[in-house]
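Under the working numbering, the first residue of the sequence shown carries the number 42, and numbering increases by one thereafter.
Reviewing the structure listed below.
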Amino acid sequence: MAQAKIISIGEMVATTTENILILFGKKATSVLKDYAVIQEFINEEAKIVPGMELKFGDQVYHVEKVGNAVEHNMHELSHVNISFNPIDEDKMISSMIYVKPYVFPKLSEGMMITYEE
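Here is the structure:
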């Protein structure tokens, strides 16, 4: 299990209409910070695999698919994109984690994100 704390929420995150959440570590550029949730890992970084749970506070999501660039991006940049939409196999994105339910989470600064197998 790995945990990260939400450090900040970019002003554009609440305006998303695509049900996609962008997570970055503290090294994100100022432009990215407007569109992303900045996370800081409290303990080890996670290996994301289908079937595991992803929690935003007490909101539980189940990982359905994981793009092939997720592990590298998570390790190098604490970066990942999370889709709260049904999977379109023909349009899968390599940096995306696909989860269900298909509901965008309610987020707040200080909230814990838990990556749990």
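Think of the CB as a built atom: it goes at the ideal place given N, C-alpha and C, for glycine as much as any other residue.
Could you give the distance in angstroms between the alpha-carbon of Val202 and the alpha-carbon of Asp75? For the chain, the structure presents residues 42 to 158; residue 202 sits outside this window and is missing.
Fill in: Test item: CB-CB of Ser124 and Ile138 under 9 angstroms
yes
Cβ pair Phe65, Leu73 closer than 9 angstroms: yes
Check: Looking only at its own chain, which residues have a Cβ that is under 6 angstroms from the Cβ of Ala87, when we skip the five neighbours before and after it?
Finding: Ala43, Tyr156
Residue range of the beta strand (DSSP E) that includes Leu118: Premise fails: Leu118 lies in the alpha helix (DSSP H), 111 to 118, not in any beta strand (DSSP E).
Exercise. What number of angstroms, rounded off, separates the C-alpha of Lys132 from the C-alpha of Glu85?
Worked result: 31 angstroms
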